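Trainee: Here the sequence shown is numbered in our numbering, starting from 156 and rising by one per residue. Every residue gets a Cβ at the ideal spot worked out from N, C-alpha and C, and that includes glycine. From a predicted model like this one, the values you see are computed outputs, not experimental measurements.
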Amino acid sequence: MPTLSGPAVATERHLLQETRRRQYRWAGALLLAQGILMEGLVFIGLLVPLAIGVPQELIVERADVFALPYLQENLYLMMAMSGVFAALRVLGAIGAATPSYAYRS
156 MPTLSGPAVA TERHLLQETR RRQYRWAGAL LLAQGILMEG LVFIGLLVPL AIGVPQELIV
216 ERADVFALPY LQENLYLMMA MSGVFAALRV LGAIGAATPS YAYRS
């Protein structure tokens, strides 16, 4: 197998870096979508019952969301924690999609 030298090595290294950046951007986009759709919408869904003034007990007695009673009884707390996870996922997505110059040589 022939070895590359000079400009060919630089070109191949550049292509690898571009591929890696593209993969990180895709990972960041998928993480952002997951953070917004899966976690963020649950948190936004918490704001509506709180604004209307719906007591948590009313929702808990009519809907079985969780199998564990502790989680079922603390439904609003679980929805609020979903907002924290959404913020962390969005920050992680920004960090993953932002170009890093640490691996450049």
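Go to Ile249, then tell me how far its alpha helix (DSSP H) extends in each direction, as first and last residue.
Mentor: Sequence index remark: in the sequence shown, residue 249 carries index 94 (1-based). Ile249 -> alpha helix (DSSP H) spans 230 to 252.
Trainee: Expressed to the nearest angstrom, what Euclidean distance is found between the alpha-carbon atoms of Ala252 and Ala242?
Mentor: In the sequence shown, residue 252 corresponds to position 97, counting from 1. In the sequence shown, residue 242 corresponds to position 87, counting from 1. So the two alpha carbons sit approximately 15 Å from each other.
Trainee: What are the uninterrupted segments assigned as alpha helix (DSSP H) that are 4 or more residues long and contained completely in the region 175 to 224, given in chain order?
Mentor: List check, alpha helix (DSSP H) in window: 196 to 207, 211 to 217.
Trainee: Output the distance between the C-alpha atoms of Thr174 and Ala218, rounded to the nearest integer angstrom.
Mentor: Numbered from its first residue, the sequence shown carries residue 174 at position 19. Numbered from its first residue, the sequence shown carries residue 218 at position 63. Distance between the alpha carbons of Thr174 and Ala218 is about 47 Å.
Trainee: Please tell me whether Val215 and Leu230 are closer than 7 Å, where the distance is taken between their beta carbons.
Mentor: Here residue 215 refers to the residue found at position 60 of the sequence shown. Here residue 230 refers to the residue found at position 75 of the sequence shown. Yes; because the gap between Cβ atoms is below 7 Å, this pair is in contact.
Trainee: Whole angstroms is fine: what's the gap from Gly190's alpha carbon to Gln172's?
Mentor: Here residue 190 refers to the residue found at position 35 of the sequence shown. Here residue 172 refers to the residue found at position 17 of the sequence shown. Cα to Cα, Gly190 sits roughly 26 Å from Gln172.
Trainee: Measuring only the C-alpha atoms, how far is Pro162 from Val239?
Mentor: As a working note, residue 162 is residue 7 in the sequence shown. As a working note, residue 239 is residue 84 in the sequence shown. Taking the straight line joining both Cα atoms gives about 48 Å.
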